[in-house]
Amino acid sequence: NLQGVPGLEPRHASLTATILAGIIVSLASSIWILVPTIIMSFQTERTKSLVTVAVAVTLFGFFLVVGVRTKSSETFLATATYAAILVVFLASSGSTNN
8 NLQGVPGLEP
18 RHASLTATIL
28 AGIIVSLASS
38 IWILVPTIIM
48 SFQTERTKSL
58 VTVAVAVTLF
68 GFFLVVGVRT
78 KSSETFLATA
88 TYAAILVVFL
98 ASSGSTNN
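Residue 8 is where the sequence shown starts when you use my numbering, and the numbers rise one by one after that.
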């Protein structure tokens, strides 16, 4: 951490790096929502959809901790929000108990 060191300015990301990071985050966000949603839309059984939600939420939380290195409070909040989105889709999809 070089902040506060006399004579050294804080580093700023280049415009290219900022745009590239934004594109990667946008694509990753889309994939994290779309893949489980698509899987659940083809499954008619509630149990399979619940397993899909459980696996997706677990992988999402693991990705945040390992890949993004978020704080535990941020990981909890993001994972709970992600789970809520998937559960709302599951409830509105009208899955049967087959």
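Note that beta-carbon positions come from the ideal geometry of N, C-alpha and C, so glycine has one too.
Output needed for residue i: all residues of its chain with C-beta closer than 6 angstroms, excluding positions within five of it in sequence on either side, in chain order.
{"i": "Ile46", "result": "Thr59"}
{"i": "Val94", "result": "none"}
Which one of the options has the shortest CA to CA distance from residue i?
{"i": "Phe96", "options": "Phe49, Ser21, His19", "result": "Phe49"}
{"i": "Trp39", "options": "Ser79, Val64, Ser99, Thr25", "result": "Val64"}
{"i": "Val62", "options": "Ala90, Ala35, Thr51", "result": "Ala90"}
{"i": "Ser100", "options": "Lys78, Val73, Thr51, Ser33", "result": "Thr51"}
Using the beta-carbon count (16 or more within 10 Å), is residue i buried or exposed?
{"i": "Val75", "result": "exposed"}
{"i": "Ser56", "result": "buried"}
Can you give the beta carbon distance from residue i to residue j, rounded, assuming they're within the 8 angstroms contact cut?
{"i": "Ala85", "j": "Leu66", "result": "The Cβ separation is near 13 angstroms, so there is no contact."}
{"i": "Thr88", "j": "Gly68", "result": "Not confirmed; about 11 angstroms, so no contact."}
Less than 8 angstroms between C-beta atoms, sequence neighbours within five positions excluded: which residues of the same chain meet that for residue i?
{"i": "Ile92", "result": "Ile40"}
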